[in-house]
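Please read the structure below before turning to the comments.
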Amino acid sequence: MESLKKSNNSIIFINPYAGVNFDIPNVGFAYIATHFNVKVIDLNTKRYPKNRFLKYKVDILGISVQSRTYKEAIKISEIYRKKYPSAKIKSVSGIIDIQCCYPYVEFEDNIKVDIPFSDNLPFPDYELFDSFDIFKKNWEKNVWNYPIMTSQGCPYQCIYCMSRNRKYLTRSPENCYEELKVAKERWNIKSFSILDDCFNVDKKRVIKFCELVKNLNLSWSCANGLRADKFDEDVAKALKESGCSHISFGIESIDDEVLKTVKKGETSKEIENAVIIAKKYFDSVNGFFIIGLPGSSYEKDLKSLEWAKKMGINAHFSYYVPFDKGMQYDLLFYGIGAKPVSKTYPKGLQKKIYKMTYSMRPVQPFITRIINKLKGILK
Ligand code: SF4
Numbered sequence: 118m119e120s121l122k123k124s125n126n127s128i129i130f131i132n133p134y135a136g137v138n139f140d141i142p143n144v145g146f147a148y149i150a151t152h153f154n155v156k157v158i159d160l161n162t163k164r165y166p167k168n169r170f171l172k173y174k175v176d177i178l179g180i181s182v183q184s185r186t187y188k189e190a191i192k193i194s195e196i197y198r199k200k201y202p203s204a205k206i207k208s209v210s211g212i213i214d215i216q217c218c219y220p221y222v223e224f225e226d227n228i229k230v231d232i233p234f235s236d237n238l239p240f241p242d243y244e245l246f247d248s249f250d251i252f253k254k255n256w257e258k259n260v261w262n263y264p265i266m267t268s269q270g271c272p273y274q275c276i277y278c279m280s281r282n283r284k285y286l287t288r289s290p291e292n293c294y295e296e297l298k299v300a301k302e303r304w305n306i307k308s309f310s311i312l313d314d315c316f317n318v319d320k321k322r323v324i325k326f327c328e329l330v331k332n333l334n335l336s337w338s339c340a341n342g343l344r345a346d347k348f349d350e351d352v353a354k355a356l357k358e359s360g361c362s363h364i365s366f367g368i369e370s371i372d373d374e375v376l377k378t379v380k381k382g383e384t385s386k387e388i389e390n391a392v393i394i395a396k397k398y399f400d401s402v403n404g405f406f407i408i409g410l411p412g413s414s415y416e417k418d419l420k421s422l423e424w425a426k427k428m429g430i431n432a433h434f435s436y437y438v439p440f441d442k443g444m445q446y447d448l449l450f451y452g453i454g455a456k457p458v459s460k461t462y463p464k465g466l467q468k469k470i471y472k473m474t475y476s477m478r479p480v481q482p483f484i485t486r487i488i489n490k491l492k493g494i495l496k
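Structure (structure tokens):
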């Protein structure tokens, strides 16, 4: 795809509306846009005007298509093709293959960047996004967290997870530190959030990262789930001392049979121990759970819910989406519009669990904004 870099074709990228994670930029797309130095119309964070991409008459329209934005991407290509029939419309993929559990997918005509995720990549330049002002304002005010991926992929085998069994690729702690330092100097970020599939695969690497970022005086969080069996007092202490204020564990279920069926490789005892340690160090601990996993039942999911309450943690329950559903067709497993598809037990009961756990989720971004505004007024 180096030819694209050198060609004289006019080109613009589009990030479609996803309906979730409007406070998190499309990191994979940002890497590719930076590689080509192409502007991005970001319809997920800057929703309106919806069809502003029609202002640009280009030779190539590149769309970032994730499983959750497939239909939106098709809609965009149809609207664009109607107005500019000679334009080439391509999906854009590469560098990062999954973000926040949703895989990037490809149209038949695709721009693929075959560069491995590593220290050799330039840092993502979010100024290429037309939503950048929104991100900057919220990063500066500490309402949203700057996103960073320090690794991608995961060597574990959990059967429900898109990230499983993928090559585990890491950046050095020094390179990640440098990205955050630059983001602080350039965009005045106050906090960051780690979006890795599994940040704590390698304890030594985590501790080194903590030692370095401590110097930046930023608050930070682990947005995606950590592995409980890799979490101990050393890790908790290092995270806490470096400014980490919120962590999450990928728990899924507290039933040992279910954990075994889904090949989690952890026991409920290990999970409980990790949560007990985490609670000593962090005010805010979150667990990710999945409703309707193979081998689960309404009673077992209810048991997980009660356990989360007993442990005093936030709990984020999402629906299980089996792989035979392909994850290709706008199936959301969390967020507005998410619906149960698992046949493990009646969907009505899965919905009941989902509803019961709604208030147990970590504070939503817009509520955080309101709280921060109120704090400002009351000062
Ligand atoms: S450890 Fe986490 S990221 Fe890795 S396969 Fe299991 S759920 Fe997925």
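Numbering-wise, my numbering comes out as the position in the sequence shown, counting from 1, plus 117. We put the beta carbon where it would ideally sit given N, CA and C, even for glycine.
#### Entry: Cβ-heavy atom distance, residue 219 to the ligand SF4, below 7 Å
In the sequence shown, the residue the question calls residue 219 occupies position 102. Checking the Cβ of residue 219 against the ligand SF4 gives no.
### Query
For chain C, is any of its Cβ atoms less than 8 Å away from the one on residue 182?
Included in the structure is just one protein chain, with no chain C present.
### Query
Looking at the unbroken alpha helix (DSSP H) that takes in residue 410, where does it start and where does it end?
The residue given as residue 410 occupies position 293 in the sequence shown. Element bounds for residue 410: n/a, residue is neither H nor E.
### Task
Taking residue 213 and residue 148 to be in contact with their CB atoms under 8 Å, please state how far apart those CB atoms are, rounded to whole angstroms.
Taking the first residue of the sequence shown as position 1, residue 213 is located at position 96. Taking the first residue of the sequence shown as position 1, residue 148 is located at position 31. Contact flag correct, Cβ pair sits at about 6 Å.
### Query
Pairing CB atoms from the region 246–262 with CB atoms from the region 155–163, are three or more of them under 8 Å?
yes
### Query
So, is residue 168 buried or exposed, given that buried needs 16 or more other C-beta atoms within 10 angstroms?
As a position in the sequence shown, residue 168 is number 51, starting the count at 1. Looking at its Cβ environment, which holds fewer than 16 other Cβ atoms inside 10 Å, residue 168 is exposed.
### Task
Identify, in the order they occur along the chain, each residue of the same chain with its Cβ nearer than 6 Å to the Cβ of residue 401, setting aside the five sequence neighbours on each side.
The residue labelled residue 401 in the question sits at position 284 within the sequence shown. Contacts found: 363.
### Query
Cβ of residue 140 versus every heavy atom of the ligand SF4: is any distance shorter than 7 Å?
Taking the sequence shown and counting its residues from 1, the one referred to as residue 140 is at position 23. No, the beta carbon of residue 140 sits no closer than 7 Å to any heavy atom of the ligand SF4.
### Task
Would you please state the rounded distance, in angstroms, between the beta carbons of residue 264 and residue 142? I believe it to be under 8 Å.
Locating residue 264 in the sequence shown gives position 147, counting from the first residue. Locating residue 142 in the sequence shown gives position 25, counting from the first residue. Contact holds; Cβ gap of about 6 Å.
### Message
Spatial neighbours of residue 224 within its chain, please: C-beta separation below 6 Å, excluding the five flanking residues on both sides.
### Response
Taking the first residue of the sequence shown as 1, we reach residue 224 at position 107. Cβ within range, chain order: 208.
### Query
What separation, rounded to the nearest whole angstrom, lies between the Cα atoms of residue 179 and residue 129?
For this step, residue 179 is matched to residue 62 along the sequence shown. For this step, residue 129 is matched to residue 12 along the sequence shown. Those two C-alpha atoms are separated by around 6 Å.
### Query
In the region 309–355, which residue ranges form an unbroken beta strand (DSSP E) of at least 3 residues, counting only runs that do not cross its ends?
336–339
### Message
Any heavy atom of the ligand SF4 inside 7 Å of the beta-carbon of residue 373?
### Response
Position 256 of the sequence shown holds residue 373. Not under cutoff, so the answer is no.
### Task
Compute every distance between the C-beta of residue 273 and the non-hydrogen atoms of the ligand SF4, then say whether any falls below 7 Å.
For this step, residue 273 is matched to residue 156 along the sequence shown. Yes; taking the cut-off as 7 Å, the Cβ of residue 273 has a heavy atom of the ligand SF4 nearer than that.
### Query
Along the chain, where does the alpha helix (DSSP H) that runs through residue 290 open and close?
Within the sequence shown, numbered from 1, the residue matching residue 290 stands at position 173. Unbroken alpha helix (DSSP H) run through residue 290: 290–304.
### the ligand SF4 heavy atom lying under 7 Å from the CB of residue 351
As a working mapping, residue 351 is identified with position 234 in the sequence shown. No, the beta carbon of residue 351 sits no closer than 7 Å to any heavy atom of the ligand SF4.
### Task
Taking all protein chains shown into account, decide if residue 492 is buried (16 or more other Cβ within 10 angstroms of its Cβ) or exposed.
Counting from one through the sequence shown, the residue named residue 492 turns up at place 375. With a pLDDT of 47 at residue 492, under the threshold of 50, the modelled position of this residue cannot be trusted; read the value that follows with caution. By the 10 Å Cβ count, residue 492 comes out exposed.
#### Entry: Short Cβ contact (8 Å threshold) for residue 417 with residue 275
Within the sequence shown, residue 417 is the residue found at index 300, counting from 1. Within the sequence shown, residue 275 is the residue found at index 158, counting from 1. Not a contact, by the Cβ cut-off of 8 Å.
#### Entry: Nonlocal neighbours in the same chain, by C-beta distance under 6 Å from residue 495, ignoring five residues either side
Along the sequence shown, read from residue 1 onward, the residue named residue 495 stands at position 378. No answer about residue 495 holds up, because its pLDDT of 44 lies below 50 and its placement is not dependable.
### Task
Specify, as a first and last residue, the run of the beta strand (DSSP E) that residue 434 falls within.
Position 317 of the sequence shown, counted from the first residue, corresponds to residue 434. That run of the beta strand (DSSP E) goes 431–436.
### Query
Are three or more beta carbon pairs between the region 338–345 and the region 287–296 nearer than 8 Å?
no
### Query
Which of the three DSSP states, helix, strand or coil, is assigned to residue 260?
In the sequence shown, counting from the first residue as 1, residue 260 sits at position 143. Reduced to three states, the DSSP call for residue 260 is coil.
### Task
Identify whether residue 307 lies in helix, strand or coil by the three-state DSSP scheme.
Position 190 of the sequence shown, counting from 1, holds the residue named residue 307. Residue 307 falls in the coil class under three-state DSSP.
### Query
Is the beta carbon of residue 290 sitting closer than 8 Å to the one on residue 325?
By 1-based counting over the sequence shown, the position of residue 290 is 173. By 1-based counting over the sequence shown, the position of residue 325 is 208. It is a contact, given that the beta carbons lie within the stated cut-off.
### Query
Which of helix, strand or coil does DSSP assign to residue 178?
Here residue 178 refers to the residue found at position 61 when the sequence shown is read from its first residue. DSSP places residue 178 in strand when its eight states are reduced to three.
### Message
What would DSSP say about residue 222, mapped onto helix, strand or coil?
### Response
Mapped onto the sequence shown, residue 222 falls at position 105. Coil.
### Task
Can you tell me which of 379, 472 and 185 puts its alpha carbon nearest to the alpha carbon of residue 218?
Counting from 1 along the sequence shown, the entry for residue 218 is found at position 101. Per the Cα distances, 185.
### For residue 405, the three-state DSSP class (helix, strand or coil)
Here the question's residue 405 lines up with position 288 in the sequence shown. Reduced to three states, the DSSP call for residue 405 is strand.
### Message
Taking 7 Å as the cut-off, is the C-beta of residue 293 nearer than that to any heavy atom in the ligand SF4?
### Response
Against the sequence shown, residue 293 aligns to sequence position 176. Answer for residue 293: no, Cβ out of range of the ligand SF4.
### Query
With contact counted as at least three CB pairs below 8 Å, one residue from each stretch, are the region 367–379 and the region 227–243 in contact?
no
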